[in-house]
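Take the sequence shown: its letters are residues 1 to 228, numbered as in UniProt numbering.
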Amino acid sequence: MGFQREQGEAVTGLVVAMDGPSGSGKSSASRGVAKALGLRYLDTGAMYRAITWWVLREGVDLTDPGMIAARAGEPVLEMGTDPGAPTVAVGGVDVAGPIRGPEVTGAVSAVSAVPEVRRRLVAEQRAIIGAGDIVVEGRDIGTVVAPDALLKVYLTASAEARALRRAAEIAGSSVEAQQADMARRDRLDSTRTADPLAMAADAVELDTTVLNLDEVIAEILRLIKERT
Ligand SMILES: Nc1ncnc2c1ncn2[C@@H]1O[C@H](COP(=O)(O)OP(=O)(O)O)[C@@H](O)[C@H]1O
Ligand SMILES: Nc1ccn([C@H]2C[C@H](O)[C@@H](COP(=O)(O)OP(=O)(O)O)O2)c(=O)n1
């Protein structure tokens with residue numbers, strides 16, 4: 001697998017970092033770009049969600065960061081990086097469904113704020129990125145996980161657009177409830193010591209409020225081409 005230059009010379013080691021808040025379109029755009037270029041895809045949010053699922057299942061006290069830290073190394077995560085069918089499992093259990101549920105969504109900011117959790121997952125993310133050929137999405141990819149990425153995109157969208165998109169995905173949910181939940185998570189996610197919602201100085205900010213998914217993907221492909 002390798003990104004092909006127009007001249008036909010294979011470029012290996014391509015890393016695209018995609019950061020931004022919930023509902024900005026990171027997963028959809030990252031998968032679209034990875035598919036278009038034959039790259040792998042890594043959803044780091046799914047890794048924080050998977051650890052959170054395990055912590056909840058184990059009954060760890062979420063108000064005790066020391067306890068979360070003490071057990072952070074225990075769960076074994078397996079991430080599948082095919083952009084057409086990404087997978088996430090914990091200790092052999094497929095958790096793709098449950099990690100999107102309200103219990104995990106409600107707890108993930110607290111778990112992902114624990115430094116031991118972040119240290120562990122950043123190391124695993126770097127190991128998966130390895131020699132590259134991958135689109136990686138999350139909150140701190142351009143700043144912490146892959147600061148040497150060829151392209152860093154910071155996706156944004158208005159709070160209304162983000163909430164509308166999420167509400168459309170979740171049956172029985174309202175735009176107001178989604179907007180409140182996203183505001184809560186943005187606040188929690190950006191008030192910890194190392195703000196994972198900070199944009200890298202060399203990232204390209206792309207506001208997707210009035211762009212459809214194809215337009216977002218096309219713009220990112222253009223930015224990659226410009227750099228290769
Ligand atoms: N540019 C866009 N315009 C309209 N809807 C979009 C756009 N990008 C993504 N979506 C939709 O919004 C929802 C959230 O997108 P997602 O890629 O999961 O965002 P994130 O990974 O940033 O949370 C999905 O249902 C997706 O299909
Ligand atoms: N690299 C990352 C990715 C996600 N997180 C945290 C912040 C988010 O609230 C949760 C879940 O991330 P995820 O990308 O799945 O969230 P959304 O699907 O965008 O709502 O994990 C993080 O701290 N660092």
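By construction, the Cβ of each residue, glycine as well, lies at the ideal position given by its N, Cα and C atoms. All values derive from a computational prediction rather than experimental measurement.
Given a threshold of 16 other Cβ atoms within 10 Å of its Cβ, counted over all protein chains shown, does residue i qualify as buried or as exposed?
i, result
"V76", "exposed"
"E137", "buried"
"R31", "buried"
"V108", "buried"
"T81", "buried"
"V55", "buried"
"N212", "exposed"
"V210", "exposed"
"R222", "exposed"
"A201", "exposed"
"D61", "exposed"
Is the closest heavy atom of ligand 2 to the C-beta of residue i under 7 Å?
i, result
"T44", "yes"
"D140", "yes"
"S190", "no"
"S112", "yes"
"S109", "yes"
"S173", "no"
Is residue i near ligand 1, judged by its Cβ being under 7 Å from some heavy atom?
i, result
"L223", "no"
"A50", "no"
"R166", "yes"
"V216", "yes"
"G66", "no"
"E160", "no"
"G32", "no"
"E169", "yes"
Suppose the cutoff is 8 Å on Cβ atoms and the five residues either side in sequence are ignored; what does the same chain contact list for residue i look like?
i, result
"A163", "G23, V175, E176, Q178, Q179, M182"
"L206", "V153, Y154, L155, T156, V216, E219, I220"
"D94", "T87, V88"
Take residue i and list the residues in its own chain whose beta-carbon comes closer than 6 Å to its own, dropping the five residues that flank it on each side.
i, result
"G8", "Residue placement at G8 is poorly supported in this model, since its pLDDT is 42, which falls under 50; the coordinates still yield a value, given next. Cβ neighbours of G8 beyond the five flanking positions: none."
"L14", "F3, G132, D133, L150"
"A72", "E116, V117, R120"
"R166", "G23, Q178"
"M18", "K26, S30, E137, V153"
"V104", "R49, T52, W53"
"M199", "Y154"
Of all the beta strand (DSSP E) runs that stay within the bounds of the region 125-197, which reach a length of 3 or more residues? 134-138, 151-156
Decide if the region 130-148 is in contact with the region 84-96; the criterion is three or more beta carbon pairs, one per stretch, under 8 Å apart. no
Of all the alpha helix (DSSP H) runs that stay within the bounds of the region 8-42, which reach a length of 4 or more residues? 26-37
Could you tell me whether the region 48-64 touches the region 99-117, where touching means 3 or more Cβ pairs closer than 8 Å? yes
Of all the beta strand (DSSP E) runs that stay within the bounds of the region 38-110, which reach a length of 3 or more residues? 40-43, 77-80, 87-90
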